[in-house]
């Protein structure tokens, strides 16, 4: 097949699709069709509308081109088309020639307008999403608030203290030198202050023992830092102090895991940016 | 002169913002640049961006996810870390590497 034929075929296809879409649009938008022959419209409300139409307009006069209600087709009661309803409509050009009929048409309720096929059904609906309101659990809320308060205090410590790794590096490199331990002593004191601040928070039910243990460990890390600051040039004593310090920090880490796991046990999570996000690893 | 002052101010701000701080607990994540096994059974790692730094993995303490402890350079780690900890690379002579202790850690393979 030549290239020109393909192009022609493509253009023809586009034209056909456009024509179908325009036809569908016309059918779906033309709710007040003036000239429509009698139609079978599948609609749940069609019987009621038809009855209303009959009682309001067709009680005294029946247009010539409409069928009386007692002449409904036999297949109306067929089980396969239970929803189908025979709906007579008036031809307006004939009504124009007959003033009485025109009056009837003008005052008649609009016929059912539901189409048999909604050709736009493939388009995604633009309905706004409805957010389901979930009932808040007071205990969860309390735990969430506590976690955020706890994390905020820890973050505050992070922002006010210096670089902890650098302080330790400087301390190890310059052991025994006058003034070298100041930063380490200050760091230890800040850990103790942090423990004091955390102890002022009221833990929710179920968190008393884990939070107390963790806060105690914060204090012990501070005290171990102060002990470490006493290290001298004696390598053996320094190694002993380092092991003691590591033991305390290791215990702290275990308590921290227990503490953060307790939040998970209650189904409480923290999003990035919240104070409590330090309890959950994320970048 | 004014341009130089502005440049210095910018550098100072950037340095202040990007400087590592003391961490009671901090989230970390990055690929391993340096990895050193220590005599006190911990593993010392230096991580690159996005959240790099010096971190220590401990077999007794760190809660480790399925792919196990840090094993090689280029491996990616993610987790949170606590107070400073010490890696003893050597006792005599005393060679010590401080870093933050990994509390929870997951890794790539």
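Chains as they are written, first to last, in our numbering: chain A, 1 to 283; chain B, 1 to 109.
By construction, the Cβ of each residue, glycine as well, lies at the ideal position given by its N, Cα and C atoms.
Residue 186 of chain A - containing alpha helix (DSSP H), residue span: Element bounds for residue 186 of chain A: 182–199.
Nearest-angstrom Cβ-Cβ length linking residue 100 of chain B and residue 55 of chain B, presumed shorter than 8 Å: 5 Å
Span of the alpha helix (DSSP H) around residue 216 of chain A: Residue 216 of chain A: member of the alpha helix (DSSP H) spanning 208–228, first to last residue.
Rounded separation between residue 187 of chain A and residue 242 of chain A - CA only: So the two alpha carbons sit approximately 16 Å from each other.
Below-8 Å beta-carbon distance, residue 195 of chain A vs any chain B residue: no
Three or more C-beta pairs below 8 Å linking the stretch 185–201 of chain A and the stretch 147–162 of chain A: Verdict: yes, contact present.
Amino acids of chain B, ordered along the chain, whose beta-carbon sits closer than 8 Å to that of residue 242 of chain A: 86, 88 and 96
C-beta atoms of residue 231 of chain A and residue 248 of chain A nearer than 8 Å: Against a cut-off of 8 Å, the Cβ pair of residue 248 of chain A and residue 231 of chain A comes out as no contact.
Of the listed residues A/144, A/233, A/11 and A/250, nearest to residue 174 of chain A (C-alpha basis): A/233
Integer Cβ distance of residue 144 of chain A from residue 268 of chain A, believed to fall under 8 Å: So it is a contact: roughly 5 Å between Cβ atoms.
Contacts around residue 62 of chain B, its chain only, beta-carbon distance under 6 Å, and the 5 residues preceding and following it disregarded: Same-chain partners within the cutoff: 102 and 105.
Nearest residue (CA-CA) to residue 137 of chain A, options A/275, A/266, A/7 and A/149: Residue nearest to residue 137 of chain A within the set A/275, A/266, A/7 and A/149 is A/266 (criterion: CA-CA distance).
Host beta strand (DSSP E) of residue 86 of chain B (start-end): Run containing residue 86 of chain B: 76–90, per the beta strand (DSSP E) assignment.
Distance between residue 78 of chain B and residue 259 of chain A (C-alpha atoms, nearest Å): 19 Å
First and last residue of the uninterrupted alpha helix (DSSP H) at residue 106 of chain B: Here residue 106 of chain B belongs to no alpha helix (DSSP H); instead the beta strand (DSSP E) covers 95–107.
Straight-line Cα distance separating residue 53 of chain B from residue 111 of chain B: Look at the range of chain B in this structure, 1 to 109, and you will see that residue 111 of chain B is not part of it.
Residue 97 of chain B, buried or exposed, once every other Cβ within 10 Å from all chains shown has been counted against 16: Buried, since its Cβ has 16 or more Cβ neighbours within 10 Å.
Rounded straight-line distance, which links the Cα of residue 155 of chain A to that of residue 279 of chain A: Distance from the CA of residue 279 of chain A to the CA of residue 155 of chain A, rounded to the nearest whole angstrom, comes to 11 Å.
Residue nearest to residue 152 of chain A in terms of C-alpha spacing, selected from A/172, A/11 and A/275: A/275
Simplified DSSP state of residue 179 of chain A, which is helix, strand or coil: coil
Beta-carbon proximity of residue 251 of chain A to residue 217 of chain A, cut-off 8 Å: yes
Alpha helix (DSSP H) segment containing residue 158 of chain A, residue limits: 138–160
Continuous alpha helix (DSSP H) stretch holding residue 249 of chain A: start and end: 235–265
Min CB distance residue 278 of chain A to chain B below 8 Å: yes
Where the beta strand (DSSP E) containing residue 26 of chain B begins and where it ends: 26–37
Chain-ordered residues of the stretch 246–277 of chain A with a beta carbon less than 7 Å from chain B: 246, 249, 250, 252, 253, 254, 256 and 257
Boundaries of the beta strand (DSSP E) in which residue 61 of chain B is found, first to last residue: Counting along the chain, residue 61 of chain B falls outside any beta strand (DSSP E), and DSSP gives it neither H nor E.
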